[in-house]
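Residue numbering for the sequence shown is -21 to -1, 1 to 826, as defined by mature numbering (1 follows the signal peptide of the UniProt record, and there is no 0). Glycine residues also receive a C-beta, built at the ideal position from the N, C-alpha and C atoms. Only a predicted model underlies this, so the values are computations on that prediction, with no experimental measurement involved.
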Amino acid sequence: MRGILMRIGALLAPKVTAAAATCNSALTVDDFSKFSTNLNTLGEWTSDDSTMSSISAKSGVLSFTPKTNAYFYETFPCQAATENGYKSIQFTVKGPKGGSMNVELQSKTSCSASDFKSAIVPVTGLTGSTQTITLPLSSFPSSANTNAISGILWSGFSSNSAWELSNVKFGCTTDASTAPSATKDAVSTAPASQKSGTPSKDGSCAGTSGFNCLGWSEGECCSQYGWCGSTDGHCKTGCNALYGNCAGAASSPATKDVVSSTRTTLLTSTRTAPATTASASAPGTCSNLLIDDWVSQSRLTFLFYNAMLQPSSDDASMTSLVVGSPSPNHVTINPKDTSSYFYSQFDCVNAKNVYGGISLKIKAPKGTTFSIELDSSATCDPTKAVQVTVTTADLGWTFDGTEKLYSIPFNKFSGIDTGKLTTILFAGFTKSVSFGPMGFYCGNTGTEVKITTTSAVAGPSSTVAAPKGTAAALVIDKFAKADSNALGFWRGYDEGMKVTISGSKATIISQDADYSLYTQLSASCTDYTKYKGSYLHIAYSGSTAFSIALQQHNSKCDDSIAPYPETWDSLEASRYAKDGHIYIPMSHFNIELKRTIGLAIKGFYKADQVVLSTIEIVPSVPATHSIPNKLESGDLVFACKRPNSFAFAIDDGSPEYAQEVLKIVKEENIKVTFFTVGAPLLDESTNLTNVYREMEAAGHQIALHSYTHPKMEGLPDYASIDWEYKEDIDTVAKQFNGYHTNYFRPPFGNEGARMRQRLAQTLGAKPTITMWSVDVEDWLWAETDTPEEQLKAFERDVKKGGNLVVMHYLYPSTVGYLKQFIQIAKATGKQLMRVDQCMQDPDAPAL
Ligand SMILES: *[C@@H]1O[C@H](CO)[C@@H](O)[C@H](O)[C@H]1NC(C)=O
């Protein structure tokens, strides 16, 4: 999704180095001290064109983690290297032991020629430690002209692990004492990604031909190095005004590439998210139309959709975009610099005579400025749009550090067709800011776009009899002590939630549906079967927007083996609550009471305060308190049930890695389960429907992973939970020939009573809610300096007996380890299979 810089041919008129046949000292091409500006020691452009998953330079060393087909290059004034006595290319590298890569020399027929040719030498057998490579110029294929060298490119990295590069030089010697086995079986073609570049409409920018970048899709700024683009390197100090459009570049980066570099409009344009309460409607009946409620980090930064399910992204131009910060339904925008931008698309909204503009609450420090671009398109094609930009100054906006409502009236954007609005884009931020919900406002005066949450759909509301139990009461917790309960066992809670234990009460505020407060009910496996006829009683005040979970220990009653706990059942506090008391029949918890281990208060879906004063088990319920029926809540599974089985359950990630995953599971000849998010299946640009059709045909299991990947239990109401399930189930059926499945993996592993019950309700069947007991922790390690921790995490969990995997193909390092993961699993002697097979599902295909 990143904007990609595109090389377009001619470099600046060459500086030919003075003839001096003896070489006194090496010529440093790059010491990486200026890497942050994309310039090397010779003052010219150097980049990976965003082909690496991460790249940075520190203390003269470039560290990077390649994606598939990644490359990195240095350009410089044309070098008559041989004439000037240089004999080699030298550099210091650290790559994986046994690793390899290609080094490509880019040279021209003469320094005044415009096109370069590539000559490649593979470097193999890396030591795994830092080593200096000396490649004699004579080792490159004869197509290389060592008297007109214009660039060096590294590519073909043998692994997507961490690499380092430093000290790139032309050397005076060919002393290869430290050189590895550079072999001569070189190919003379460049990697596809580096063919000499697609010429712009006008040919190329700069050079002697005088071509420019105007109208070029990668951006209209021509850097002094002969490249068209839209980033600072091209548009700011790099800009060559003669050949590009540099005016106002800093505050308004060329945006042509912004929209075109992103996915095409979703095919779901006729669907609307549940929170969207209005479509363009006649005045008088109008209600504000939500564009984004900043409700899901994954929707914004992984799936790139706004609340209208239209594309939205910063194309990784920001340092970060954090949703839910500083408060729910807000986003904090942290720009890298003024070239950072962020956009949201609409499905060609007709605002004429309905909406007067777009409004949102903004909090920004005093003195902040930025610009706002609105696009409209006669053909409803966001890539072919009229773009009009105004600044915060044009709108008369000032900021003072407090949150206020701001409106963006369409009449400030002359030339825009308000009947066909396609995109809003924010850029040129001088400081970090936060936005509240953003949407179209009705009429001519900006009004706040409120998040409308539909009122809860009532669940089945019959009540059941409440017979008396026979066991004596058991006080579990009166909150007398800070970190242990009345049974003397541990009580604690997740970091991030606000819990105060004081005055024999626990006061809880949780902003996140992932947080839990735990209280342990037994040292190991205590048999609570005698309480089967009893009731869990919780005395509370405040909110009841949470779940209560009773946990079951594993079959060995051993907390050092996985999974621990083995499962739990979550029930909805509000269904069982009345007048400050919650009574839940112990029998409503679908677990083996014989192995009860603990209780969790969790799944908070509002940030409202909850105060608990007593947790106990009692034999009876006051006559005034009726008990609702037990709702189906599915099976929450963390491990395979079939003896000696092991299952890879892979959640989808970045479409670009799908083919590699497909290839590896094929090579390893195993069957796996893919949990796939619904919305991207309908987005043709992801190709994911085709990928999963192929996987399904190859015998893999396709399963549900929600429609837009929110924390399901965090959703505000039944309607929005149901919508996620329904759209997902319908999409899977539509894309996969009527296919229906009851296997679901909760995004982020976020679980609670409502998401379970609504899933069972929507499916009309008992779901298998698939968690995991082997976590490769890709979310934690994949993008760090120690991606190999993923292997360690995998091995650790497998050693503990885990046999159900969670991983995503989001990062090259994770995909790079997939083969090893599979081989480690095979080495356990267990049989690898799909999740439904390992659950002994009678409907699963035979092994
Ligand atoms: C889309 O996926 C299919 C199935 O895996 C594959 O054959 C095809 O090459 C992919 N297309 C693109 C453009 O990647």
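CB contact flag (residue i, residue j, <8 Å)
i, j, result
"residue 430", "residue 446", "no"
"residue 352", "residue 365", "no"
"residue 505", "residue 593", "no"
"residue 132", "residue 50", "yes"
"residue 448", "residue 599", "yes"
"residue 109", "residue 79", "no"
"residue 692", "residue 648", "no"
"residue 665", "residue 659", "yes"
"residue 580", "residue 525", "yes"
"residue 794", "residue 671", "no"
"residue 119", "residue 84", "yes"
"residue 389", "residue 401", "no"
"residue 105", "residue 87", "no"
"residue 305", "residue 413", "yes"
"residue 762", "residue 32", "yes"
"residue 732", "residue 632", "no"
"residue 611", "residue 745", "yes"
For residue j and residue i, believed in contact at Cβ under 8 Å, the rounded distance
i, j, result
"residue 10", "residue 25", "11 Å between Cβ atoms; not a contact."
"residue 875", "residue 741", "Summary: the structure shown does not reach residue 875, with the chain confined to residues -21 through 826, and so no result is reported for it."
"residue 791", "residue 63", "So it is not a contact: roughly 39 Å between Cβ atoms."
"residue 81", "residue 101", "5 Å"
"residue 540", "residue 779", "5 Å"
"residue 695", "residue 584", "6 Å"
"residue 484", "residue 572", "Residue 484 to residue 572, Cβ: 28 Å. No contact."
"residue 66", "residue 150", "6 Å"
"residue 338", "residue 387", "7 Å"
"residue 644", "residue 818", "Wrong, their Cβ atoms sit about 19 Å apart, outside the cutoff."
"residue 531", "residue 570", "4 Å"
"residue 788", "residue 640", "5 Å"
"residue 608", "residue 441", "5 Å"
"residue 378", "residue 347", "5 Å"
"residue 816", "residue 823", "5 Å"
"residue 54", "residue 129", "6 Å"
"residue 419", "residue 330", "6 Å"
Among the options, nearest to residue i - alpha-carbon criterion
i, options, result
"residue 646", "468, 115, 547, 801", "801"
"residue 385", "72, 395, 585, 371", "371"
"residue 494", "508, 503, 513, 472", "472"
"residue 427", "336, 441, 641", "336"
"residue 628", "134, 285, 754", "754"
"residue 686", "674, 797, 705", "705"
"residue 466", "441, 499, 487", "499"
"residue 405", "313, 462, 468", "313"
"residue 502", "470, 478, 703, 796", "470"
"residue 811", "115, 91, 546, 620", "620"
"residue 264", "301, 421, 532, 656", "421"
"residue 618", "354, 764, 748", "748"
"residue 545", "551, 552, 553, 536", "536"
"residue 781", "757, 624, 326", "624"
"residue 411", "134, 468, 674, 301", "301"
"residue 381", "340, 549, 363", "340"
"residue 319", "293, 577, 678, 460", "293"
"residue 45", "141, 328, 698", "141"
"residue 455", "529, 424, 391", "529"
"residue 71", "40, 597, 739", "40"
"residue 814", "557, 774, 497, 678", "678"
"residue 589", "776, 533, 519, 146", "519"
"residue 736", "650, 551, 475, 113", "551"
"residue 283", "703, 96, 688", "688"
- Item | Residues with C-beta closer than 5 Å to any heavy atom of ligand 1, in chain order | 666, 669, 670, 673
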